[in-house]
Structures are given as C-alpha cells and as structure tokens.
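Residue 432 is where the sequence shown starts when you use the numbering used here, and the numbers rise one by one after that.
The C-beta atom is built at its ideal place from N, Cα and C for all residues, glycine as well.
To start, the structure itself, in structure tokens.
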Amino acid sequence: MTAISCENISLSYGTDVILSGISFSLNEGDKLGIVGVNGAGKTTLINIITGETEPDGGKVYLQKNFKVGYLKQNIEYDSDQPVFDVLSKSFSFSGNDGNELEKQKGEYLSRVKGYLKNLGFSDDEMYNIPLSELSGGQKTRAATAAVLLGDFDLLIMDEPTNHLDINALEWLEDYLRSTKKTLIVISHDRFFLDKITNKILEIENTKGKIYSGNYTVYAEKKKKDREIQQRHYQNQQREIARIEAFIENQRRWNRERNIIAAESREKMLARMVKEEKPDKLPEKIKLSFVSSGRSGDDVVTVRGLSKSYGDKLLFSELDFTVNYLDRLFIVGQNGCGKSTLIKILAGKIFPDKGAVDIGYNVNMSYFDQENQQLSDNLTVMDELWNASPGMTPGAIRDILAKFMFIGDDCFKQVGNLSGGEKARLTIAKLIMAKSNLLILDEPTNHLDIGSREALEEALSEYEGTVIAVSHDRYFMDKLATRILAFGAVEKGKVFDYKGKYKEYLEYYSQYIAQNISNSVDNEQISDSKTEYLKQKNLQAEIRKSARKLEKSKEECALIEKRLSDIETEISVSETDHKKLSELFCEKEKLEERLMELYEFLSENSVEI
C-alpha cells in the first residue's frame, strides 16, 4: 500500500526556482535516500512533506492516520529535565491492569536506556544530565532516540549520522534496515545510504529523479543513463545535421523534384521527437594539494603518550610511528580521545606524559572540524588573502572560484557562512599552505557528496602524509592505508592495522574470534563474535550465488559487445530508416536489460 506520494511539488523564492515538478511515491516499508549538492533543496522538500513549508504547486498525500516523526538537522530540542525523563515521558501506556502497566513501563524504560547506550550515552550518569546542558551532538543523539522510540509510521531524518561514532552508526543502520517503518532520509554518508536504502531520489537542477536500489546502484545507473542519453542525443544530432545538409543541397539545385524532396525532409524533421541533451552536472569544487617537498621517512614518532581530563583517562603509553605517504585514519567511539590525540600531534594541546617527535623537513597543516581557525568578522576574500598576503586580488578570486565562491560570495562575512561553506574555505586555506603533512579532524563534515569525492581524489594524488579522524567509512575505505583503532582491544590503547578499512574490519573480527584476551569484557566479546559469525555467513551466501553472478557477468559482456556492433551498424545505415528504427529498438531493449544486470551485480557487490 502507498505510504506517501508527492505530485509535482514546486517552489520558488522570487525568481529563484528551488524545486520544479518533484514527483515520487513510496510503499509501506520503503527506505528512500534523498541526495543532491548543498543547496539543491533537499531539506526544503522535507519541510514541504512535513507541512512546515507551503509549496507553490503540487500536493503531498499521506496514508490516512499515518504518524510522522521528524529528526531535523539543526536540533531545537531543549528541557531542564534529565534526558532519561524526557524520553520516558514521550510514551503513553494503555490498559487497566496495574501489573500489565508496570510491565509495559519496565520494558519501555529498558528500551530507552538501550537506545541511549547504543547512540553513545555510555555512562549511566549522563542519563540524569538536564537536556539543556548537553552538547549539540548529544542533543542530536537524544533527539534521534526520541524519534526512534516514538509511535511513528514514517520516519523522516535529515543528516542523522552527524555526531555519531562508527559503533552508533552501525547500530542505527541495523535498526533502520530491520524496521518495518517507512523511511525518508537525507544523508551525504554513502556507506550509510548503501546499507539502508532501496530507493534514491536525486534532486539536481531543481528537478527530481527516482532510482530503485541503494546509493551505489543509483550512482552506476545515473552514469549509464547519462551515457545512453548523451549517445542518443549525439546520434540524433548527427541525423538532423545529415538531413539539414540534404535539404540545403536540394534547395540549392532548386528544381521541382529537389524542392519536393527538401520539403519532405523538413516535414520529417518537424515530426521528429527531439532527444534532450543531458543537463549540465552541478559544479564541484576543484582540489589539488601541493606538497612542500619530500619529508623524512619517519614523519611523526609518538613515545609513551598519555592524556587524561580529570578522572577520565583517554589514553596511556601510546607508541607508534607515522611513515612518509601513510594515510593513517584514527577510529573509535566518541569521547575516546581521537580529536585530543591529533590536537597533540598538531601541537594545539600538550600531553600529560610522553613526547611527539616531528621528523626531518616536515611542514604540517591542521584542519579543525569546528573551523575555529577562521575569523567570523572577516570576509571570505580577506580570510584567504590574510593566509597569502603576497597574492593579487585576481589570483585570490580565481582560487575562491574553484571552491564555488563566485561573485558576491567572495564578500560574505565568514560568520554568516553555512557549515559546508566554512569547510570549503578551510580546505582552500589548507591547500594554499603547501605542506607535506596534513592532520585532518573530520574533514568531510558538512561537505556534500560531490565535494567529498573531490577531496578523496585530491588526497589520493597528494604526495605527502595524511593523519585523519573520520566517521565517513566510504571516505576511509577510499584512502586509508593504515587504521589506528582506539579501545578496540583494551581501553586507552590502540589497535594498529596496516591496510584498507574494509580489510581492517575483516581482520579485526577474525582477530577477536581467535585471540580474545581476559582484558576484554564479556559484552564486547559477545558483540565481536556475533559480528564475526555474521560476516562468515554472509561469505557463505555469496559463494552460493557465485554461479548466478558469473552468468550475469557473462551476459553483460555479450550485451556490451552487441551494443558496440549496433553502433557500428547504425553508422553505416544512415539512409536506411527502417533498419535504423530496428537497430534503435533493439538497442533500447538491450540497454534496459543491461541496467537490470548492473543493478543485480551492484547489489551483490560485484565489480562491473
């Protein structure tokens, strides 16, 4: 049954068109991801669905009595009451039997505690802190728990993965994947979208297009669709040019039969259904990190490093060396000391014990996730100019244009920028610094998917060393050559793995299963064993379907070859319109089948 339907949603502010003709529908239990560049209108569409914004045109239809829970990106969630009490009072209990009511309350309170724990409220004392005293990230996690615990049929979540560590992310993914509730989620987290969605709505150039499948399937489909649309457009343009040349020649000869032939072709052109040229893709930032030169092999050496805040020990006796060209990613739960460690490495704060030795010819640049190295009272232009006072205004504006600061954007006050704009400006300053060691604290926060991809590409080509903290698993898997995991085996210690992120996950699950030490508590052991067995069963299922996958890959190859042959046949059959029609018909059917095969292979993580 249809849960929600949007028909021709449109909205403009003055002459600026935000959304035009957005239409889609979801069945009960569907999980929709909404993607698009920052400013594309994703949150605006959500606000229209929830009734907070009135569209200029179009309608939103919700199933009767459908209850909607909405997690906003910018939380307006406050109370002087403790977190636990606020969430506990959000549920109404029913029934007349006193014992049954007490049982319901007990079960619900247990759920509240479990949800809070899984979302990062690990300390029982945190449950009794007034909501108003929590940090922005803690309020977001408490609001997430409230939405998940609510009696809602449709969950709408705007960037729910912000402020979550990887453990909380994985728990949220498992919950959303298994729930029967309908879901609409805005996210730039590609790993997250791959895990939970079965549909993707892309908003681009004010229009919307729906795709079946997760993010990876959508990205492949979009790429193939654009290629097919571009080929059809180019083929038709060649055919139009050929007919127009024929018409021109016939009119030049100017005999009666030539005029008749020319008019016939003109009528043919008038009747022709024109193929649309693919829309221009949204602008992306253009990144290229320039190294200041070759450093020594040992870039950073950490010896006996320890740090506490009050009675809370973050880490003790850390020893490791970062080597030239390492892409070292530091992972772990929120509050375990990741950002503290890289601030110590960057010289921003001091350890309680131990030393950090910076190697030969190392020039360091530091990216702060809070963008605290920007001055709110300066303009964008002045902020960048102060970093490189020797450059001309024209050169500064050329650099800003690469980061999508164009025209009046260059003269905005830094304090009035969005989170994404501040992140882009910070990266621009980072690039101009020309260092050979980048220390990055959550560099993808506030960046849209296109900007994340540009950053990934630039860092992969960077001839220097990278130390980073990130919760973006897609970003990590693209870049990491080494993982430093906090608390993976023992609290306050690190687990050092040299390899890619997915390889680390596989190795770590096997390590836990085979080398469980007494220092690891029973709950961690149980969770690790479960994850290991889950991965093992998954591999068994993949092996069972290997034959089907192989046949699909073979069929793909045959279709791709036939499509190539068809292109050749089209090029030599320009005057045989019947033959051309047959070829185009066959081609469309083959392309449709090929997309089905691509979707199947992508869903099963097979490289195409």
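Alpha carbon to alpha carbon, how far is residue j from residue i? Give it in angstroms, no decimals.
i       : j       : result
Lys738  : Leu776  : 12 angstroms
Phe622  : Val762  : 16 angstroms
Pro874  : Ala854  : 7 angstroms
Asn496  : Asn645  : 29 angstroms
Ala826  : Leu890  : 23 angstroms
Leu547  : Gly766  : 15 angstroms
Gly464  : Gly821  : 45 angstroms
Glu651  : Ser643  : 11 angstroms
Leu1011 : Glu1023 : 18 angstroms
Ile870  : Gln800  : 11 angstroms
Ala574  : Arg913  : 34 angstroms
Ile773  : Ile440  : 46 angstroms
Met907  : Glu894  : 18 angstroms
Lys784  : Gly790  : 20 angstroms
Ile691  : Met699  : 12 angstroms
Leu502  : Leu518  : 14 angstroms
Val793  : Ile898  : 13 angstroms
Asn666  : Asp710  : 17 angstroms
Asn817  : Asn549  : 44 angstroms
Arg688  : Asn680  : 12 angstroms
Gly567  : Glu887  : 28 angstroms
Ile627  : Leu603  : 10 angstroms
Asn867  : Asp807  : 28 angstroms
Ile631  : Lys611  : 18 angstroms
Ala676  : Ser995  : 27 angstroms
Glu460  : Leu579  : Strictly speaking, residue 460 in this sequence is Gly, with Glu absent from that position. One C-alpha to the other measures close to 15 angstroms.
Leu565  : Ala576  : 14 angstroms
Phe751  : Gly735  : 9 angstroms
Asp605  : Asp742  : 34 angstroms
Out of the options, point me to the one whose CA is closest to residue i's CA.
i      : options                         : result
Arg669 : Ile1001, Leu815, Asn689         : Ile1001
Ser719 : Ala864, Glu1019, Asn808         : Ala864
His619 : Tyr791, Asn817, Glu894, Ala471  : Ala471
Ala786 : Glu533, Val731, Met835, Ala576  : Val731
Asn469 : Lys922, Ala576, Leu878, Thr484  : Leu878
Ile617 : Glu601, Ser609, Asn593          : Asn593
Asp927 : Leu809, Leu749, Ala988          : Leu749
Ala988 : Phe515, Ile674, Leu1025         : Leu1025
Leu457 : Asp584, Gly545, Leu442, Lys982  : Asp584
Gly551 : Asn598, Val514, Tyr539, Asp511  : Asn598
Leu910 : Leu856, Met835, Lys1009, Arg758 : Arg758
Gly851 : Asn876, Gly778, Asp903          : Asn876
Quick one: using the 10 Å Cβ neighbour count with 16 as the cut-off for buried, is residue i buried or exposed?
i       : result
Gly445  : exposed
Met381  : An answer regarding residue 381 cannot be provided, because it is not within the stretch 432 to 1039 covered by the chain.
Ala1016 : The identity of residue 1016 in the sequence shown is Cys, whereas the question assumes Ala. Exposed is the call here.
Phe760  : buried
Lys498  : exposed
Met703  : exposed
Ser695  : exposed
Ser957  : Bear in mind that a pLDDT of 48 at Ser957, under 50, signals an unreliable position, so the number given afterwards is only what the model happens to contain. Label assigned to Ser957: exposed.
Leu532  : exposed
Lys860  : buried
Ile780  : exposed
Tyr492  : exposed
Val1003 : exposed
Ala693  : buried
Glu485  : exposed
In terms of DSSP beta bridges, what is residue i paired with?
i      : result
Gln844 : Thr810
Glu884 : Note: Glu884 sits in no beta bridge, so no partner.
Cys437 : Phe455, Val491
Glu633 : Val466, Lys640
Gly500 : Leu586
Ser739 : Leu744
Asn754 : Asp729
Ile914 : Phe760, Tyr928
Can you tell me whether DSSP reads residue i as helix, strand or coil?
i       : result
Val793  : coil
Asn598  : helix
Cys1016 : helix
Ala826  : helix
Met1026 : helix
Tyr558  : helix
Gly537  : helix
Tyr444  : strand
Ile761  : strand
Thr474  : helix
Gly545  : helix
Leu450  : strand
Asp872  : strand
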